[in-house]
Amino acid sequence: MNSILKIKKKLADYCVYQDRSHWEVEKKIKEASYLNEEEKGEIIIWLIQNNFLNEERFAKAYVKGKFNQKQWGRNKIIIGLKQKRVPEKLIDIALNEIDEEAYQATLEIVADKKWNSLIENTAISKKKKLISFLIQKGYENQLIYDLIKIKYSD
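Taking full-length UniProt numbering, the leading residue of the sequence shown gets 1, the next gets one more, and so forth.
Shown next, in the form of structure tokens:
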């Protein structure tokens with residue numbers, strides 16, 4: 001089996017195991033430094049044509065996984081997708097997959113769980129810690145402040 005076929009097989013396996021962004025696959029191809037640019041391009045095209053590499057599918061899977069499994073907010077998901085060099089248009093398409101009611105419910109669940117675990121002397125310091133935590137999880141400031149005002153005000 002020639003080296004290009006081996007690399008195609010290896011990269012196909014890499015993409016089948018978990019959806020990948022184009023940038024991740026290109027990074028992996030660069031490890032095979034003996035390939036010229038034309039060969040690298042040929043491999044990328046082959047992966048796309050055979051549906052091993054699909055950046056929209058990757059973006060949607062990333063959003064779904066980070067939201068459902070890690071309970072990340074939109075801001076943190078966007079940062080993660082940008083780090084993987086996913087185009088803005090695909091980021092927007094993928095984020096539209098998040099149901100607004102589910103997003104709000106998840107924010108409340110995450111906030112309640114954190115609120116109940118905080119041991120602070122004052123309500124103000126408890127709120128500050130909660131706000132910092134929710135921002136770090138990637139939730140939008142306005143949603144956080146609205147939630148704090150409704151649920152955790154005296």
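Where is the CB? At the ideal position from N, CA and C, for every residue including glycine.
The alpha helix (DSSP H) enclosing residue i, as first and last residue numbers
| i | result |
| --- | --- |
| I43 | 37 to 49 |
| K103 | Contrary to the premise, residue 103 reads as Tyr rather than Lys in this sequence. Per DSSP, Y103 belongs to the alpha helix (DSSP H) from 100 to 117. |
| Y17 | 3 to 17 |
| F133 | 123 to 136 |
Minimum C-alpha distance to residue i - residue among the options
| i | options | result |
| --- | --- | --- |
| L53 | K114, I78, H22 | H22 |
| E97 | I124, F58, S153, E39 | F58 |
| I7 | I79, E39, I109 | E39 |
| E140 | I29, Y103, E56 | Y103 |
| A32 | L5, A61, E120 | L5 |
| S132 | N36, D19, K114 | K114 |
| N50 | K28, I29, L118, K9 | K9 |
| I79 | Q69, K70, I91, Q71 | I91 |
| E56 | K66, L81, Q69 | L81 |
| D19 | K84, Y34, L134, Y145 | K84 |
| E101 | L143, A123, N75 | L143 |
Residue i in three-state terms, based on DSSP
| i | result |
| --- | --- |
| A59 | helix |
| Q71 | coil |
| Y145 | helix |
| L53 | coil |
| E31 | coil |
| K66 | helix |
| E88 | helix |
| E24 | helix |
Neighbourhood of residue i by C-beta distance below 6 Å, restricted to the same chain and skipping five residues each side
| i | result |
| --- | --- |
| V86 | S21, A59 |
| A94 | A59, K60, V63 |
| Q136 | none |
Proximal residues to residue i (C-beta, below 8 Å), its chain only, five neighbours per side dropped
| i | result |
| --- | --- |
| V25 | L11, Y14, C15, I44, L47, L53 |
| K127 | I148, Y152 |
| Q71 | T106, I109, V110, K137 |
7 Å Cβ shell around residue i - same chain, five flanking residues per side excluded
| i | result |
| --- | --- |
| L147 | L107, E108, A111 |
| L118 | K126, K129, L130 |
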